[in-house]
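**Student:**
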Amino acid sequence: MKTVDLRSDTVTRPSEAMRRVMAGAEVGDDVYGEDPTVNKLEAMAAELLGKEKAIFVPSGTMSNLTALLSHCGRGDEYIAGQDAHIYRWEGGGGAIFGGIQPQPLDFDEDGTLNLDKVRRAVKPADHHHAVTRLLCLENTHGGRVLPLPYLEEAAGVARELGLALHLDGARVFNAAVYLQVPVREIARHFDSVSVCLSKGLGAPVGSVLCGSADLINRAHRWRKVAGGGMRQAGLLAAACIYALQHNVERLAEDHENAELLSSGLGHIEELLVSQARTNILFVTPPAGTAPALRQALAAEGILIGGGDVIRLVTHLDVDGAGVERTVAAFKRFFANRGK
Ligand SMILES: *Cc1c(COP(=O)(O)O)cnc(C)c1O
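Sequential numbering from 7 applies to the sequence shown in our numbering.
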């Protein structure tokens with residue numbers, strides 16, 4: 007029985023075809039800039055995102071960290087959402103390695119940062135304060151797609167305030183496919199964009215940070231300092247190239263599957279089910295039932311996330327049959343509970 011793993015889109019495994027291109031990849035020492043496959047991936051990512059340059063890094067966390075270190079110096083500050091990944095879920099790397107202070111703000115319900123709040127959060131130029139340098143947005147955030155007009159407005163405000171603008175675009179291709187625009191239409195508003203290839207795009211490892219040549223040259227130094235200078239990384243870059251060539255448009259299937267899951271589970275009286283947002287939805291079972299539900303589903307080969315509000319994430323290893331099995335298993339759990 008095939009496992010249906012809905013915990014995250016990071017769980018995708020490289021397909022046979024992806025493994026073949028990895029095995030056949032031409033490689034060299036990337037710390038010398040001599041890995042042709044890494045160079046190809048970086049050129050391809052820069053082109054797709056409409057930026058001068060890109061750099062291949064092992065993870066989204068290192069990508070965001072090198073972005074922070076490249077935009078900000080010691081005693082500088084960045085503004086980000088209270089539960090933004092770059093602030094809340096990356097161990098405080100900016101503070102540890104860069105002496106960079108975060109200024110978190112509550113996200114609005116739609117995943118945007120209120121731009122008046124941003125304006126008020128910027129510190130005056132005065133020696134009492136940290137120097138506010140950077141504004142960070144996240145797209146998608148919890149699966150929510152930031153509207154293009156909002157990005158336009160945010161870019162204008164950042165410019166006016168003298169802030170650089172960074173996008174944590176771990177799932178920015180989900181946003182682009184959802185909006186049916188080329189990803190550069192989203193990226194063009196930002197000075198830097200971080201993209202994960204290891205999530206819904208299906209590569210086993212890897213992220214890219216894209217931006218101006220000047221910024222990415224600085225990021226090169228920080229990647230090395232952070233221990234992210236990889237050698238024959240072309241094996242991994244080959245998987246990422248394959249992902250960009252084959253797995254972008256199909257993200258639409260993940261969004262459809264998330265909707266099917268949301269509508270199927272929506273018929274279960276006991277469950278509070280969110281709308282699907284791109285490839286992510288949330289379900290809230292009655293208080294105290296989440297552990298038993300998780301256990302019953304696991305017994306049927308269906309894995310769901312932790313906590314009382316359960317996140318479900320669709321991806322290329324979850325097909326329509328997996329969605330049906332999941333809905334049926336949820337129904338069975340609640341039907342049996344009533345007996
Ligand atoms: C997953 C994720 C990251 C970090 O990526 P890792 O490769 O797990 O380090 C950063 N930002 C967001 C929004 C993410 O979802």
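Glycine included, C-beta positions come from ideal geometry on N, C-alpha and C. Owing to the predicted nature of the structure, the values given are computational and were not obtained by experimental measurement.
1. Is the separation between the beta-carbon of Leu366 and that of Val63 shorter than 8 Å?
2. So, does the stretch 310-327 touch the stretch 160-178, judging by three or more C-beta pairs under 8 Å?
3. Please determine whether the Cβ atom of Ala176 lies at a distance below 7 Å from any heavy atom of ligand 1.
4. Could you tell me which residues DSSP puts in a beta bridge with Cys202?
5. For Asp82, report the span of its beta strand (DSSP E) as first-last.
6. Is any heavy atom in ligand 1 found nearer than 7 Å to the beta carbon of Asn70?
7. State the DSSP-derived secondary structure class of Glu255, mapped to helix, strand or coil.
8. Does the beta-carbon of Gly66, which I'm using as the reference point, lie nearer than 7 Å to any heavy atom of ligand 1?
9. From this set, Leu140, Leu119, Gly326, which residue's C-alpha is nearest Lys2's C-alpha?
10. Specify the secondary structure class of Phe339 as computed by DSSP and reduced to three states.
11. Do Leu278 and Val289 have their CB atoms nearer than 8 Å?
12. So is the beta-carbon of Thr332 under 7 Å away from any non-hydrogen atom of ligand 1?
13. Are the CB atoms of Pro42 and Gly30 within a distance shorter than 8 Å?
14. Can you list the alpha helix (DSSP H) stretches of 4 or more residues lying completely in the stretch 238-303, in chain order?
15. For chain B, find out if any of its Cβ atoms is closer than 8 Å to the Cβ of Arg125; answer yes or no.
16. Rounded C-beta distance between Leu75 and Trp228? I'm assuming under 8 Å.
17. Consider the C-beta atom of Thr284 and the heavy atoms of ligand 1; say whether any pair is separated by less than 7 Å.
**Tutor:** Taking the definition as stated:
1. Not covered by the structure: residue 366. The range shown for the chain is 7 to 345.
2. Between the stretch 310-327 and the stretch 160-178 there are fewer than three inter-stretch CB-CB distances shorter than 8 Å, so the stretches are not counted as touching.
3. By one-based count along the sequence shown, residue 176 stands at place 170. Within the chosen limit of 7 Å, ligand 1 reaches the beta carbon of Ala176 through at least one heavy atom.
4. Numbered from 1 along the sequence shown, position 196 holds the residue referred to as residue 202. Cys202 pairs with Ser213.
5. The sequence position of residue 82 within the sequence shown is 76, counting from 1. Asp82 -> beta strand (DSSP E) spans 82-87.
6. Taking the first residue of the sequence shown as position 1, residue 70 is located at position 64. Ligand 1 approaches Asn70 closely enough that one of its heavy atoms is under 7 Å from the residue's Cβ.
7. Numbered from its first residue, the sequence shown carries residue 255 at position 249. Glu255 falls in the coil class under three-state DSSP.
8. Start at 1 with the first residue of the sequence shown, and residue 66 comes out as number 60. Correct: Gly66 has its Cβ closer than 7 Å to ligand 1.
9. Not covered by the structure: residue 2. The range shown for the chain is 7 to 345.
10. On the sequence shown, position 333 is the one that residue 339 refers to. Helix.
11. As a working note, residue 278 is residue 272 in the sequence shown. As a working note, residue 289 is residue 283 in the sequence shown. Going by C-beta atoms, Leu278 is nearer than 8 Å to Val289.
12. Working through the sequence shown from its first residue, we reach residue 332 at position 326. Checking the 7 Å criterion, the Cβ of Thr332 is out of range of every heavy atom belonging to ligand 1.
13. On the sequence shown, residue 30 is found 24 positions in, with the first residue counted as 1. On the sequence shown, residue 42 is found 36 positions in, with the first residue counted as 1. Taking 8 Å as the Cβ cut-off, Gly30 and Pro42 do not qualify as a contacting pair.
14. Fully enclosed alpha helix (DSSP H) runs of 4 or longer: 240-252, 257-272.
15. No chain B is part of this structure, which consists of one protein chain only.
16. In the sequence shown, residue 75 corresponds to position 69, counting from 1. In the sequence shown, residue 228 corresponds to position 222, counting from 1. Indeed, because the Cβ distance is near 4 Å, the residues count as touching under 8 Å.
17. For the purposes of this step, residue 284 is identified with residue 278 of the sequence shown, where counting begins at 1. Here the distance from the Cβ of Thr284 to the nearest heavy atom of ligand 1 is not below 7 Å.
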